[in-house]
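> The sequence shown maps to residues 3 to 364 in this note's numbering.
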Amino acid sequence: MKRFLAAVALSALALAAPVSTQAQNNTGNLQIYWIDVEGGASTLFVSPTGESMLFDTGNPDVNDRDAKRIFAAAQKAGLKQIDHVVISHWHGDHVGGLPALAKMIPIAHFYDHGDGVEEADKARRDGYRALAGNKRTVLKAGDTIPFAGVQVRVLVSEGPVIATPINGGGPNPLCTNTPQMTPAGAENIRMVSLAINYGNFKMASLGDLDWSRELELVCPVNKLGTINLYTINRHGGLDDSGSPALLGAIKPQVVVINNGPRKGLGQSDDRVKPINPQATPYEKNSYLRLAKLPGIEGIWQEHLSMIDKDPAHNTSPDMIANLQDREQADHPANWISATVGRDGKFTVTNSRTGFSKSYTAR
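#1: Let me check understanding here. Comparing Cα to Cα, which of Phe203, Gly262, Ile198 lies closest to glutamine 303?
#2: The alpha helix (DSSP H) spanning glycine 305 covers which residue range?
#3: Is it the case that the segment 138–154 contacts the segment 238–251, given that we only count it when at least three CB pairs across the two stretches are under 8 Å?
#4: Is it buried or exposed, glutamate 216, if we count other Cβ atoms within 10 angstroms and call 16 or more buried?
#5: Please report how far the alpha carbon of alanine 340 lies from the alpha carbon of isoleucine 72, in whole angstroms.
#6: To the nearest angstrom, how far is it from the Cα of arginine 192 to the Cα of aspartate 210?
#7: Which first and last residues belong to the beta strand (DSSP E) in which leucine 46 is found?
#8: Below 8 Å, can you find three or more Cβ-Cβ pairs linking the segment 48–56 to the segment 114–121?
#9: Would you decide whether proline 108 is buried or exposed? Buried here means 16 or more other CB atoms lie within 10 Å of its CB.
#10: Is it right to say arginine 364 is buried, meaning 16 or more other beta carbons lie within 10 angstroms of its own, or is it exposed?
#11: Where do the ends of the beta strand (DSSP E) carrying isoleucine 107 lie?
#12: Relative to the alpha-carbon of isoleucine 309, which residue among Met321, Ala102, Ser288 has its alpha-carbon at the smallest distance?
#13: Let me know the secondary structure DSSP gives aspartate 63 once reduced to three states.
#14: Could you tell me the alpha carbon to alpha carbon distance between phenylalanine 112 and tryptophan 92, rounded to whole angstroms?
#15: Pick helix, strand or coil for isoleucine 72, following the three-state DSSP scheme.
#16: Helix, strand or coil: how does DSSP classify glutamine 246 here?
#17: Based on Cα-Cα distance, which residue from Gly268, Gly172, Lys275 lies nearest to arginine 291?
#18: Tell whether a beta-carbon distance below 9 Å holds between isoleucine 277 and methionine 183.
#19: Count the other CB atoms within 10 Å of the CB of threonine 282; is the residue buried (16 or more) or exposed (fewer)?
#20: Write down the C-beta distance between alanine 76 and isoleucine 84 rounded to the nearest angstrom, noting that I regard them as a contact closer than 8 Å.
#21: Take the Cβ of tryptophan 255 as the centre, count every other Cβ of all protein chains shown within 10 Å, and call the residue buried at 16 or more, exposed below.
#22: Just the Cα atoms here: how many angstroms apart are arginine 354 and asparagine 224?
Below, the structure written as structure tokens:
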């Protein structure tokens, strides 16, 4: 924590540096990079005009590992600054890389869920506030983040969730007798969750949102509607998230799992028991719960799960960006990327293999 706070003063120098505001992105496409922060969370968006938005900043590290990986993705995208940084919540694997990143590249504006915080997270929250200064916006559900040509809507931030359904949402029959769980810790309930629309393309990224809050979002009315691409919450470790009432209602075509080798995907949720034991049974294995969704067309993973390496519990190897275990010196930190057109056609690519697959929004 001391290192986080000490970095704030140095970071201010980068924030003040003069820059060219946008990358050159004349393709007419939205670009997305899921960055390997090994079980943290970090996704970079570059609009068709070259404006940028980063959702979360990964873990803190003595060698600034995650900040360097985010900066490398920003360089790949041709960015001179990051226009918008959205922090979902104050846990270290989501905000921890920010001080180091702010020393590497200027940041124009910051967004977060507000000052509510658990005792263990106060130092990170306070360091963030000092860094953001007067460039900070506190979000609430229903707000939009100005991002050139792309609609970014806030689904959750503190509470309550959005009131009006989007993306064709309506009554959700899957809520009948759905399993219910006790709420997770406060930070996993109050966090910022986003819906991102570009033309006919619809995406959602809910951060670490927990099962109980998911049900508020989709029961009795599905307020998120249907989507094409879903960054699965809690890094794919669906021990108390990934409710069947949510997944079945939003009907994702493609899922991206930003997991680590030993965090997220592969965890068992046997330790989590529904508070209504007579509820409808559901698939307990996280990967299989996704793979069995009607209409699913692709599942992409940041890492092969070292918790559960069973090939039946991981996606196809050509759709896994990293196969190594953690702390290997030659770890290349491959990312998953997507190129999205306004017509709803999108292509996902694994930077490790160059393998791509294209999809058409339905």
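Cβ atoms here follow ideal geometry from the backbone N, Cα and C, with glycine treated the same way.
So, from the data block:
#1: Working through the sequence shown from its first residue, we reach residue 303 at position 301. Out of Phe203, Gly262, Ile198, Gly262 has the C-alpha closest to the C-alpha of glutamine 303.
#2: Along the sequence shown, one-based indexing puts residue 305 at 303. For the sequence presented, residue 305 should be read as histidine rather than glycine. From DSSP, histidine 305 is part of no alpha helix (DSSP H) but of the beta strand (DSSP E) over 300–305.
#3: Touching, no.
#4: Start at 1 with the first residue of the sequence shown, and residue 216 comes out as number 214. Buried, since its Cβ has 16 or more Cβ neighbours within 10 Å.
#5: The sequence position of residue 340 within the sequence shown is 338, counting from 1. The sequence position of residue 72 within the sequence shown is 70, counting from 1. About 16 Å.
#6: Here residue 192 refers to the residue found at position 190 when the sequence shown is read from its first residue. Here residue 210 refers to the residue found at position 208 when the sequence shown is read from its first residue. Cα to Cα, arginine 192 sits roughly 10 Å from aspartate 210.
#7: Along the sequence shown, read from residue 1 onward, the residue named residue 46 stands at position 44. Leucine 46 -> beta strand (DSSP E) spans 45–48.
#8: Contact fails: fewer than three Cβ-Cβ distances are below 8 Å.
#9: For the purposes of this step, residue 108 is identified with residue 106 of the sequence shown, where counting begins at 1. Buried is the call here.
#10: Walking along the sequence shown from the start, residue 364 turns up at place 362. Residue burial annotation: arginine 364 is exposed, with fewer than 16 other C-beta atoms found within 10 angstroms of its C-beta.
#11: For the purposes of this step, residue 107 is taken as residue 105 along the sequence shown, with counting starting at 1. Careful: isoleucine 107 lies outside any beta strand (DSSP E) and carries neither H nor E.
#12: Along the sequence shown, one-based indexing puts residue 309 at 307. Among Met321, Ala102, Ser288, the Cα nearest to that of isoleucine 309 belongs to Ser288.
#13: To locate residue 63, count along the sequence shown from 1; it is residue 61. In the displayed model, aspartate 63 falls within coil according to three-state DSSP, outside both helix and strand.
#14: Position 110 of the sequence shown, counted from the first residue, corresponds to residue 112. Position 90 of the sequence shown, counted from the first residue, corresponds to residue 92. Taking C-alpha positions only, phenylalanine 112 is separated from tryptophan 92 by approximately 13 Å.
#15: The residue given as residue 72 occupies position 70 in the sequence shown. Judged by DSSP in its simplified three-state form, isoleucine 72 adopts helix.
#16: What you label residue 246 is simply residue 244 of the sequence shown in a count that begins at 1. A small fix is needed here, since residue 246 is proline in this sequence, not glutamine. In this structure, proline 246 counts as helix in the three-state DSSP scheme.
#17: Taking the sequence shown and counting its residues from 1, one reaches residue 291 at position 289. Looking at the Cα atoms, Gly268 is the closest of the given residues.
#18: Along the sequence shown, read from residue 1 onward, the residue named residue 277 stands at position 275. Along the sequence shown, read from residue 1 onward, the residue named residue 183 stands at position 181. If you check the CB distance, isoleucine 277 and methionine 183 come in under 9 Å.
#19: Your numbering for residue 282 matches position 280 in the sequence shown. Flag for threonine 282 reads exposed.
#20: For the purposes of this step, residue 76 is taken as residue 74 along the sequence shown, with counting starting at 1. For the purposes of this step, residue 84 is taken as residue 82 along the sequence shown, with counting starting at 1. By a beta-carbon distance limit of 8 Å, alanine 76 contacts isoleucine 84. Their separation comes to about 6 Å.
#21: Counted from its first residue, the sequence shown places residue 255 at position 253. Before going further, note that residue 255 is glutamine rather than tryptophan in the sequence given. Buried, because 16 or more other Cβ atoms sit within 10 Å of the Cβ of glutamine 255.
#22: Numbered from its first residue, the sequence shown carries residue 354 at position 352. Numbered from its first residue, the sequence shown carries residue 224 at position 222. If you take the alpha carbons of arginine 354 and asparagine 224, they lie about 36 Å apart.
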